[in-house]
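Heads up, the thing below is written out as structure tokens.
Number of protein chains: 2
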Amino acid sequence: MKFLKIPAATITRLSIYSRALEELADGQVSVVSSKKLAELCGVNPAQIRKDLAYFGQFGVRGVGYYVKELLFDIKKILGLNKEWRLAIVGMGNLGCALVAHENFEKQGYSFVAAFDADPMKIGHRLASGLEIHSITHLEEICRETGAEIGVICTPPERAQEVANRMLSIPLKGILNFAPVQLQVPECPACKVENVDFTVKLDNLAYHLTAG
Amino acid sequence: MKFLKIPAATITRLSIYSRALEELADGQVSVVSSKKLAELCGVNPAQIRKDLAYFGQFGVRGVGYYVKELLFDIKKILGLNKEWRLAIVGMGNLGCALVAHENFEKQGYSFVAAFDADPMKIGHRLASGLEIHSITHLEEICRETGAEIGVICTPPERAQEVANRMLSIPLKGILNFAPVQLQVPECPACKVENVDFTVKLDNLAYHLTAG
Chain D
53 MKFLKIPAAT ITRLSIYSRA LEELADGQVS VVSSKKLAEL CGVNPAQIRK
103 DLAYFGQFGV RGVGYYVKEL LFDIKKILGL NKEWRLAIVG MGNLGCALVA
153 HENFEKQGYS FVAAFDADPM KIGHRLASGL EIHSITHLEE ICRETGAEIG
203 VICTPPERAQ EVANRMLSIP LKGILNFAPV QLQVPECPAC KVENVDFTVK
253 LDNLAYHLTA G
Chain E
53 MKFLKIPAAT ITRLSIYSRA LEELADGQVS VVSSKKLAEL CGVNPAQIRK
103 DLAYFGQFGV RGVGYYVKEL LFDIKKILGL NKEWRLAIVG MGNLGCALVA
153 HENFEKQGYS FVAAFDADPM KIGHRLASGL EIHSITHLEE ICRETGAEIG
203 VICTPPERAQ EVANRMLSIP LKGILNFAPV QLQVPECPAC KVENVDFTVK
253 LDNLAYHLTA G
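Residue numbers (the working numbering), protein chains in the order written: chain D, 53 to 263; chain E, 53 to 263.
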């Protein structure tokens, strides 16, 4: 399946639509108007129609969207109709919080391997049953477990080295929580997404100041 | 100071520029070319010039940017030339990870109050010295401590209720980590930013599938 060049913001919104549709499906709602769906997602109805139009024809005029059908289609568009296998490095507070976060599993993301450099943590088993391995075995265990996406929760000064090793395995994607901009080659084979909490806070601070 | 309507992506990039400039300043670098700064931030030099042009004239032709000067100016633009006081609700794994995260303090964000509903946690003191208070005292303690921004780390089903209470205090902004789209009135007095880890993962999954 080959797509047009889709705006990144559209992909982000599809993801938000899928969350809302999941909640509706959980609540046994079978049909939703575009107005109601838009309200739940904090956008306007025209935006939803525009975003979906990139991928085909969805919904029924005068009726709205069939919840389960649209959810299925959006998940397929996003590539979420399969399980994604994650390897996480850095089992401090944040790493443990992520592994315990129920939403990953719910969305089809499975942590299949966890790593740390601290001898006190290595060998320890998390509540989920996942064992913390030494970072020295990163390549080997990622291959064994079929990890596809690497999650980096290390201190900032270790993140680039870990990313380099993940790229060399190669993992297909990296989700980086370390507060540092990773230097990665421009290659479609590995995509990096940065999650920086303080960047979001800066957005808030700007709006509270300039608003 | 009144600004033009600035694209949200520009604000996000300013925040990323400030991280890079901070690292340069820490490393005693006093001048940086726009090419080098762009490289560090994963953008092209024209993008930096374009983003900064919204706010005035920066940098010296043929020289580049004075690191400390530009950092100061960007922080001022973002409203980071002051301390922002944060109140956090939900002291599970994630809440504790955030309070312990050194980057907040470094960027001028201070956690001044922490809350939970679990009697086992209330009264407990975090490594930072912050005490966990009962959520029943949210309004009172937020006022006492001068909290300006609320951080929500509760389970999704509790997030809306907490947000409503924060809005009624009123706090000026909310950073929401709960995986749910908050319903908030469209008012410039309170701005909400959502941080959803799995939305970032969905972005990755999409690119790895459609790429």
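All C-beta atoms in this analysis are idealised placements derived from N, C-alpha and C, irrespective of residue type, glycine included.
Where residue i falls, given that 16 or more other Cβ within 10 Å makes a residue buried
{"i": "residue 125 of chain D", "result": "buried"}
{"i": "residue 216 of chain E", "result": "exposed"}
{"i": "residue 72 of chain D", "result": "buried"}
{"i": "residue 232 of chain D", "result": "buried"}
{"i": "residue 143 of chain D", "result": "buried"}
{"i": "residue 250 of chain D", "result": "buried"}
{"i": "residue 230 of chain E", "result": "buried"}
{"i": "residue 103 of chain E", "result": "buried"}
{"i": "residue 206 of chain D", "result": "buried"}
{"i": "residue 225 of chain E", "result": "buried"}
{"i": "residue 218 of chain E", "result": "buried"}
{"i": "residue 235 of chain E", "result": "exposed"}
{"i": "residue 80 of chain D", "result": "exposed"}
{"i": "residue 115 of chain D", "result": "exposed"}
{"i": "residue 248 of chain D", "result": "buried"}
{"i": "residue 189 of chain D", "result": "exposed"}
{"i": "residue 61 of chain D", "result": "exposed"}
{"i": "residue 260 of chain E", "result": "buried"}
{"i": "residue 257 of chain E", "result": "buried"}
{"i": "residue 127 of chain D", "result": "buried"}
{"i": "residue 243 of chain E", "result": "buried"}
Supposed close pair residue i, residue j - CB separation, criterion 8 Å
{"i": "residue 85 of chain E", "j": "residue 118 of chain E", "result": "About 12 Å separates the two Cβ atoms, so there is no contact after all."}
{"i": "residue 228 of chain D", "j": "residue 241 of chain D", "result": "Wrong, their Cβ atoms sit about 17 Å apart, outside the cutoff."}
{"i": "residue 255 of chain E", "j": "residue 200 of chain D", "result": "With a Cβ gap of about 14 Å, residue 255 of chain E and residue 200 of chain D do not count as contacting."}
{"i": "residue 74 of chain E", "j": "residue 123 of chain E", "result": "6 Å"}
{"i": "residue 173 of chain D", "j": "residue 187 of chain D", "result": "With a Cβ gap of about 10 Å, residue 173 of chain D and residue 187 of chain D do not count as contacting."}
{"i": "residue 214 of chain E", "j": "residue 140 of chain E", "result": "Going by Cβ atoms, the distance from residue 214 of chain E to residue 140 of chain E rounds to 10 Å, so no, they are not a contact pair."}
{"i": "residue 253 of chain E", "j": "residue 161 of chain D", "result": "6 Å"}
{"i": "residue 77 of chain D", "j": "residue 120 of chain D", "result": "6 Å"}
{"i": "residue 145 of chain D", "j": "residue 145 of chain E", "result": "7 Å"}
{"i": "residue 191 of chain D", "j": "residue 221 of chain D", "result": "6 Å"}
As assigned by DSSP and simplified to three states, the class of residue i
{"i": "residue 111 of chain D", "result": "coil"}
{"i": "residue 73 of chain D", "result": "helix"}
{"i": "residue 219 of chain E", "result": "helix"}
{"i": "residue 255 of chain D", "result": "helix"}
{"i": "residue 234 of chain E", "result": "coil"}
{"i": "residue 212 of chain D", "result": "helix"}
{"i": "residue 151 of chain E", "result": "helix"}
{"i": "residue 132 of chain D", "result": "coil"}
{"i": "residue 97 of chain D", "result": "helix"}
{"i": "residue 193 of chain E", "result": "helix"}
{"i": "residue 57 of chain D", "result": "coil"}
Beta bridge counterpart(s) of residue i as assigned by DSSP
{"i": "residue 84 of chain E", "result": "E/117"}
{"i": "residue 245 of chain D", "result": "D/227"}
{"i": "residue 185 of chain D", "result": "D/167"}
{"i": "residue 139 of chain E", "result": "E/165 and E/202"}
{"i": "residue 177 of chain E", "result": "E/183"}
Q. Are three or more beta carbon pairs between the segment 99 to 111 of chain E and the segment 154 to 169 of chain E nearer than 8 Å?
A. no
(Q) Closer than 8 Å is the cut-off here; do at least three beta carbon pairs connect the segment 61 to 81 of chain D with the segment 128 to 139 of chain D? (A) yes
Q | Contact between the segment 91 to 107 of chain E and the segment 145 to 155 of chain E (3+ Cβ pairs under 8 Å) | A | no
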